[in-house]
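Participant: Following this message is one structure expressed as structure tokens.
2 protein chains.
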Amino acid sequence: MLSTRTTQTTFREEQLDLVFKALCDKTRRELLSRLSQGSVMITELAAPFEMSLPAVSKHLRVLEKAGLVERTVNGRVHSCALNVAPLKTAGEWLQYYEKFWSESLNALSAYVQTESQLNNNSQQE
Amino acid sequence: MLSTRTTQTTFREEQLDLVFKALCDKTRRELLSRLSQGSVMITELAAPFEMSLPAVSKHLRVLEKAGLVERTVNGRVHSCALNVAPLKTAGEWLQYYEKFWSESLNALSAYVQTESQLNNNSQQE
DNA sequence: TTAATAGTAAACCATATGGTTTAATGATTC
DNA sequence: GAATCATTAAACCATATGGTTTACTATTAA
């Protein structure tokens, strides 16, 4: 049962790995942006990019692996659709840090600075 | 002048590249989590990890490059502090997609239905 | 049935990543 | 001044990434 918890944990961590990795490339973010306006077949999706079709195909596979894109095959045409669920997971991760910037520009920044000063001092030998 | 706009744009894209790249590794996310509770010196920061100190040092450099960590050198002690500003940029990027999941299971489906009813009155099969 | 279209697979390349170990650098302390 | 401590640098390794080009497969159209 501890193993269950561990597996669960690493699953979420792995999902975060995959999603953030998927998002760290400009081309892939543009693909997502394009898909946010509706499903498109791959050739059409790839057209605006300067790189080769196989290159775009690889990027799509990265997005699929992260669960961000779902593919529907219809004859020889592959249609891609956006799936935002993994973005939600990423958003939840980010949300933890939201408090730091919502508070950061006024009271907190001063507080943190004195705090870290105290920490630094106590760490010096 | 157009080049200014272009540069500006790619700057944001590059920042997103760096931030998402920084976040796509479990170790680095853990480092951030640790730093969210206050500044720490590097040895102390690295202690809980099983990898070598140089490995952690490299991860920290990735975080610094993304602007997520700021270093203060004090004698031989380097203190690291969290800087959430780049996370805010990432959050803003994500926010565009928020509507897709916040509306998807309830309001949106209704909205889309009425929308499509309006749009497709003449297009129904 | 031949040709064209949509897409992937495979082989290749350069560079990046994530880790290691063994120096090396620079402050501190004794 | 010698030893120790905090940290990076450098060299190395295996694998991943992002791109290319050239097949190849499968479906559709002529």
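Residue numbers (the numbering used here), protein chains in the order written: chain A, 1 to 125; chain B, 126 to 250.
Every residue, glycine too, gets a C-beta built ideally from N, C-alpha and C.
According to DSSP, simplified to helix, strand and coil, what is Leu18 of chain A?
Facilitator: Correct three-state label for Leu18 of chain A: helix.
Participant: Got a sec: does the ligand GDP put a non-hydrogen atom nearer than 8 angstroms to the Cβ of Gly192 of chain B?
Facilitator: Ligands in the displayed structure: none, and consequently the ligand GDP is not present.
Participant: Using a Cβ cut-off of 9 angstroms (strictly closer), state whether Leu188 of chain B contacts chain A.
Facilitator: It does not; no Cβ of chain A falls within 9 angstroms.
Participant: Just checking: is the beta-carbon of Met176 of chain B within a distance shorter than 9 angstroms of some beta-carbon in chain A?
Facilitator: Met176 of chain B does not count as touching chain A.
Participant: As a quick exercise: from B:Arg137, B:Glu189, B:Leu143 and B:Lys151, pick the residue whose alpha carbon is nearest that of Met176 of chain B.
Facilitator: Measuring from the Cα of Met176 of chain B, the nearest candidate turns out to be B:Lys151.
Participant: Just by C-beta distance, which residues in the segment 134-146 of chain B are closer than 9 angstroms to chain A?
Facilitator: Listed by position, the residues of the segment 134-146 of chain B near chain A (Cβ gap below 9 angstroms) are Thr135, Glu138, Glu139, Leu141, Asp142, Leu143, Val144, Phe145 and Lys146.
Participant: Could you say which of B:Leu178, B:Ile167, B:Phe225 and B:Lys183 lies nearest to Asn199 of chain B if we only look at CA atoms?
Facilitator: Measuring from the Cα of Asn199 of chain B, the nearest candidate turns out to be B:Ile167.
Participant: In chain order, what residues of the same chain lie with their CB nearer than 7 angstroms to the CB of Leu141 of chain B, ignoring the 5 residues before and after it?
Facilitator: Only Thr214, Ala215 and Trp218 meet the Cβ criterion.
Participant: Buried or exposed: where does Leu31 of chain A fall if 16 or more other Cβ atoms within 10 Å of its Cβ makes it buried?
Facilitator: Its Cβ being crowded by 16 or more others within 10 Å, Leu31 of chain A is buried.
Participant: Give the secondary structure of Val209 of chain B by DSSP, where H, G and I count as helix, E and B as strand, and everything else as coil.
Facilitator: Val209 of chain B falls in the coil class under three-state DSSP.
Participant: Output, in chain order, the set of chain B residues within a Cβ distance shorter than 9 angstroms of Lys26 of chain A.
Facilitator: Those within 9 angstroms of Lys26 of chain A in chain B are Thr135, Glu138, Glu139, Leu141 and Asp142.
Participant: Where does Arg28 of chain A fall in DSSP's three states?
Facilitator: Helix at Arg28 of chain A.
Participant: Straight-line CA distance for Leu212 of chain B to Gln220 of chain B?
Facilitator: Computed Cα separation, rounded: 12 angstroms.
Participant: Looking at Cys149 of chain B and Lys58 of chain A, is the spacing between their C-beta atoms short of 9 angstroms?
Facilitator: Not closer than 9 angstroms, so no.
Participant: How far does the beta strand (DSSP E) with Glu189 of chain B in it extend, from its first residue to its last?
Facilitator: Per DSSP, Glu189 of chain B belongs to no beta strand (DSSP E); it is in the alpha helix (DSSP H), Leu178 to Lys190.
Participant: To which residues does DSSP link Arg196 of chain B through a beta bridge?
Facilitator: Partner(s): B:Cys205.
Participant: If you draw a straight line from the C-alpha of Lys190 of chain B to the C-alpha of Lys99 of chain A, how long is it?
Facilitator: Straight-line Cα distance between these residues: approximately 23 angstroms.
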